[in-house]
Each structure stands twice: as C-alpha cells, then as structure tokens.
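Scroll down for the structure; my scribbles are underneath it.
Residue numbers (my numbering): 662 to 757.
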C-alpha cells in the first residue's frame with residue numbers, strides 16, 4: 662500500500678517544491694547534480710524517499726529497511742537515508 666501511494670505523493674511534493682519554492686528547488690537540483698546523487702537533476706524518487714520517514718513505524722518500512730544490496734547498488738534504505746540527509750540542507754520550511 663505504501664508503495665502505491667508514494668508515486669503520486671512524491672510527484673505532488675516535487676511539483677509544490679518546484680513551483681512554490683523555485684529558488685530552493687534549483688538549489689537542491691544543483692546540489693544533487695554536483696554531488697552525483699542525481700546526475701540529471703532531482704527526480705520524483707527523491708521526494709518518494711522523503712515519504713518513507715512517515716512510514717517509519719510500519720511493516721512496510723521494516724520491509725524496506727531489511728532489503729540488502731551489494732555495492733555499488735544502494736539499498737532502498739540507503740537511498741532514503743541519503744535523501745533525508747540532503748533534505749536537511751534545504752532552506753525553506755513548509756508550514757504556516
């Protein structure tokens with residue numbers, strides 16, 4: 662169920678960020694290109710990874726975290742952790 666919702670939610674969040682906070686979005690886009698995380702620029706995958714934090718006490722999150730991969734392939738949890746760390750550099754806060 663979590664996976665089914667995340668695509669639409671991630672796309673909506675990306676569009677909000679892109680059009681409501683364009684300077685912040687461009688800053689993020691430049692950072693992830695320069696850093697090599699998203700060589701072609703930020704994608705909806707970045708925003709989908711943001712949503713995993715909201716599922717952190719669920720069975721779906723535990724399953725995602727348990728997936729193991731071999732280097733150089735990053736696991737879903739590694740990507741979630743990386744993108745949440747990167748999100749900490751954003752300047753604009755959502756809210757009132």
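We treat Cβ as the ideally placed atom computed from N, Cα and C, and that holds for glycine. If you're wondering where the values come from, they're calculated on a predicted model, not measured in any experiment.
- Here the C-alpha atom of residue 752 lies approximately 30 Å from the C-alpha atom of residue 723.
- Here residue 715 is not near residue 745, since their CB atoms are 8 Å or more apart.
- By alpha-carbon distance to residue 726, the top candidate from 670, 732 and 718 is 718.
- Excluding five sequence positions before and after residue 667, the CB atoms of its chain that fall closer than 6 Å to its own CB belong to 709 and 712, given in chain order.
- Note on geometry: alpha-carbon atoms of residue 677 and residue 686 lie some 10 Å from one another.
- Here DSSP, grouped into helix, strand and coil, assigns residue 676 to helix.
- Between residue 693 and residue 730, the C-beta gap is not smaller than 8 Å, which leaves the two residues out of contact.
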